[in-house]
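Asker: First the structure, then my questions, so here it is.
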Amino acid sequence: MVESVLKGIRVLDFSRIFAGPAATQVLGDLGAEIIKIEEPGRGDDARTFGVTETAMEEFGASPSFLALNRNKRSMVLDLKIPSARAVAADMAARCDVLVHNFRPGGMAKFGLDYETLAVANPRLVYCEFSAYGTEGPLSHLGANDVALQAHSGLMSITGESDRPAVRSGTAVIDLHASLGLVSAVLAALFHRERTGKGQRVETSLLLSGAHLMNYFYTEYWLDGTVRQRMGTANHLSVPNQAFPARDGSVIIIAPADDMWRRCAHALAPEKLDRPAFKTAFDRRQHRDELIAALTDVTRTMSCKELVDRLGAVKVNVSKVNDVGEAADDAQLAAIGGVVEQRMGERTLKSVQMPFAMSATPAVADLPPPRHGEHTDEILSEFGYDAAAIEALRAEEALGRA
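See the structure below:
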């Protein structure tokens, strides 16, 4: 039996909503034991984000929660209660990693800051995730993915040039930040393996957004250029955007001169193989003319015909799929991109972590947990007997009965 790469690593997860849970799910996929701490009552807010009657009845949570919380066990702790805080500190002393996305200073109010916990557990990798970081004039503010799309400038370059800026259709900064957090955890664990010492690691939506905008910031710092939105087009090359077909749209990208020649000859050389389009510089100079000519050609063909013709001559092309077409894509299934887990009478599908490992493949041992489903089980594993657990309940450390 293959042993997971993070087998034996125990993660105490206080994170909620998207970025933190997305990160700890990847750690769980890699074999770490994830203990998800939720507050009594509502639990992780994502449980009810966009929830449908079907999802709640059959899976007990929203798609937002189900997508990001496999391979975890859930327990409740009310950190407003002193005995619950004592339990959390006790658990942190025996865990390898702690992840939270409280606002800066939030965990310190509970005595669960890094400086305090590292005394009892100097090997602890303590991961803080925030909106704007822990220093600076905005560090006290909370924010979400869309706010940082706006703050980072990402929103300003998204959308059509003659219309207001728009948000990305997915939580792109949250999910990008989650992989940054995974990278930080793995690096810190590697450092601990060599030195025996844990450390505090930090990431933020702000830094994640800046990382996504790296090229644009660097260009601005070099020469003052402030790029504007161009719809699906790209200022670096032409063609590099969506084009209409008879039955939908396709993305066509042909930045290199030889690729453009193959594109032109595969579709309509008499219309597209012009001196004005010969070089990449020429094509940028005659952007509008080229786009108009290529559009006249593509709108007479089906998406399949365009994909087949251009794919055959190694031009970058893709049909613009809707969500259902993309989710049921045979290629996604072929690369192991879909995880299937039984939950009651139904099969829950979710997306695999975004990389594969040959020697230590991902695991999918646990479906997303019900709120507080494993509270007693986890406490027992940490040495709390039935009387101690009952005492915690009497003190409402595990919520009100």
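Read in order, the letters of the sequence shown correspond to residues 64 to 464 in the working numbering. Glycine residues also receive a C-beta, built at the ideal position from the N, C-alpha and C atoms.
What distance in whole Å lies between the Cβ atoms of residue 164 and residue 271, which are believed to be in contact at a cut-off of 8 Å?
Answerer: With 8 Å as the limit, residue 271 and residue 164 do not qualify as a contact, their Cβ atoms being about 12 Å apart.
Asker: Between residue 458 and residue 146, what straight-line distance do the alpha-carbon atoms span, to the nearest angstrom?
Answerer: Their Cα atoms are separated by approximately 8 Å.
Asker: Is the separation between the beta-carbon of residue 400 and that of residue 102 shorter than 9 Å?
Answerer: Result no, Cβ atoms of residue 400 and residue 102 do not sit closer than 9 Å.
Asker: Between which two residues does the beta strand (DSSP E) containing residue 99 stretch?
Answerer: Taken as a continuous stretch (DSSP letters only), the beta strand (DSSP E) holding residue 99 covers 96-101.
Asker: Could you give the C-beta distance for residue 236 and residue 211, rounded to a whole number, given that I count them as a contact under 8 Å?
Answerer: Right, their Cβ atoms sit about 5 Å apart.
Asker: Who are the Cβ neighbours of residue 395 in its own chain at under 7 Å, not counting the five residues just before and after it?
Answerer: So the qualifying residues of the chain are 401.
Asker: What does the alpha-carbon distance come out to for the pair residue 330 and residue 224?
Answerer: Each residue's alpha carbon lies about 28 Å from the other.
Asker: Give a yes or no on whether the C-beta atoms belonging to residue 213 and residue 234 are separated by under 9 Å.
Answerer: Result no, Cβ atoms of residue 213 and residue 234 do not sit closer than 9 Å.
Asker: Give the straight-line distance between the Cα atoms of residue 452 and residue 144, rounded to the nearest whole angstrom.
Answerer: Answer to the nearest angstrom: the Cα atoms are 14 Å apart.
Asker: Going by the beta-carbon positions, is the gap between residue 379 and residue 317 smaller than 9 Å?
Answerer: Contact: yes.
Asker: Looking at residue 162: is its Cβ nearer than 9 Å to the Cβ of residue 252?
Answerer: No; because the gap between Cβ atoms is not below 9 Å, this pair is not in contact.
Asker: Per DSSP, which residues does residue 307 bridge with? Please list them.
Answerer: Answer by DSSP bridge pairing, in chain order: 312.
Asker: Per DSSP, residue 410 forms a beta bridge with which residues?
Answerer: Residue 410 is bridged to 405.
Asker: Which of the three DSSP states is assigned to residue 447 in this structure?
Answerer: It is coil, neither helix nor strand.
Asker: Can you confirm whether the segment 428-445 touches the segment 96-116 when touching is taken to mean that 3 or more C-beta pairs between the two stretches lie within less than 8 Å?
Answerer: Short answer: they touch.
Asker: Check each candidate in 218, 248, 441 and name the one with the smallest Cα separation from residue 86.
Answerer: Checking every option, the nearest Cα to that of residue 86 belongs to 248.
Asker: Given this structure, state the Cα-to-Cα distance separating residue 354 from residue 370, to the nearest angstrom.
Answerer: Looking at the two C-alpha atoms, the distance is approximately 18 Å.
Asker: With C-beta atoms as the reference, is residue 377 less than 9 Å away from residue 313?
Answerer: In this structure, residue 313 does not lie closer than 9 Å to residue 377 by Cβ.
Asker: Distance check for residue 268 and residue 174, CA to CA, integer angstroms please.
Answerer: Approximately 25 Å, taken between the alpha carbons.
Asker: For residue 110, I'd like the list of residues in its chain whose CB is within less than 7 Å of its CB, leaving aside the five on either flank, ordered along the chain.
Answerer: Result list for residue 110: 124, 125, 128, 434, in chain order.
Asker: In chain order, what are the residue ranges of uninterrupted beta strand (DSSP E) at least 3 long that sit wholly in the segment 103-159?
Answerer: DSSP runs (the beta strand (DSSP E)) wholly in the segment 103-159: 135-139.
Asker: Considering residue 340, what are the terminal residues of the beta strand (DSSP E) in which it resides?
Answerer: Looking at the DSSP string, residue 340 is not in any beta strand (DSSP E), and its letter there is neither H nor E.
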